[in-house]
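According to this note's numbering, the sequence shown is numbered sequentially starting from 12. Built from N, CA and C at the ideal position, the CB exists for glycine as well. Since the model is a prediction, treat every value here as computed from it, not as a measurement.
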Amino acid sequence: MTNPPAPEFTVRHETSGDIDAIHALTAAAFGQVDEAEIVDALRASGNGIKGLSFVGVLDGEIIAHALLSRCFVGEAPGVCLAPCSVRPEHQRTGAGTAVIEALLTEAARRGEVFAVVLGHPEYYPRFGFTPASGFGITLHIEVPYEALMAMPLAGEVPAGALAFAPEFGV
Numbered sequence: 012m013t014n015p016p017a018p019e020f021t022v023r024h025e026t027s028g029d030i031d032a033i034h035a036l037t038a039a040a041f042g043q044v045d046e047a048e049i050v051d052a053l054r055a056s057g058n059g060i061k062g063l064s065f066v067g068v069l070d071g072e073i074i075a076h077a078l079l080s081r082c083f084v085g086e087a088p089g090v091c092l093a094p095c096s097v098r099p100e101h102q103r104t105g106a107g108t109a110v111i112e113a114l115l116t117e118a119a120r121r122g123e124v125f126a127v128v129l130g131h132p133e134y135y136p137r138f139g140f141t142p143a144s145g146f147g148i149t150l151h152i153e154v155p156y157e158a159l160m161a162m163p164l165a166g167e168v169p170a171g172a173l174a175f176a177p178e179f180g181v
């Protein structure tokens, strides 16, 4: 007896038909709607960068999502990775990693100079993120230094004060 084929997992750009599924996925992943509403607000304002929102699809269902929004270090534009979501039952399967890797690769291909993330210091270094303080990046609120990270994409990471898109409320 042979095993059935493994379900096919794909990573692709978000489409307009994905919006409701992404909202539901993000709310499920975080156990609340706050992050889902940030995603919706970033998309509506244009601060979520068009073409830099990816989903992971398994058997026709969106199980992972990540997007990049505009941020600035001083006057230098960069991208912020957040929020990143994986359906709880698919966490720790590689789905989130696949979506984030594809998204960062596309951002670099498009000439985005650097990326920042405010997140789990145990997770994001696998993509090349290191503490932002090492690049001379500062933030006007206090966060654990190891949670604010940055990485070069298609250029050097600048030093200076970091400003997130206003939708983050930071």
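**Q.** Sequence-distant residues of the same chain with beta carbon closer than 6 Å to His101, five excluded per side
**A.** Sequence-distant Cβ neighbours of His101 in its own chain, meaning closer than 6 Å and more than five residues away, are Ile74.
Q: Can you grab the Cα-Cα spacing for the pair Ala47 / Phe146, in whole Å?
A: About 30 Å.
(Q) By the three-class DSSP mapping on this structure, what secondary structure does Leu129 have? (A) Strand.
**Q.** Alpha carbon of Thr116 to alpha carbon of Tyr134, nearest angstrom
**A.** Each residue's Cα considered, the two are about 18 Å apart.
Q. To which residues of the same chain is Pro155 closer than 8 Å at the C-beta, ignoring the five residues directly before and after it?
A. Only Pro132 meet the Cβ criterion.
**Q.** Beta-bridge partners of Phe20, as assigned by DSSP
**A.** DSSP lists Leu69 as partners of Phe20.
**Q.** Distance between Val128 and Cys91 (C-alpha atoms, nearest Å)
**A.** Each residue's alpha carbon lies about 6 Å from the other.
Q | Contacts around Pro99, its chain only, beta-carbon distance under 8 Å, and the 5 residues preceding and following it disregarded | A | Here the set comprises Ala39, Ala40.
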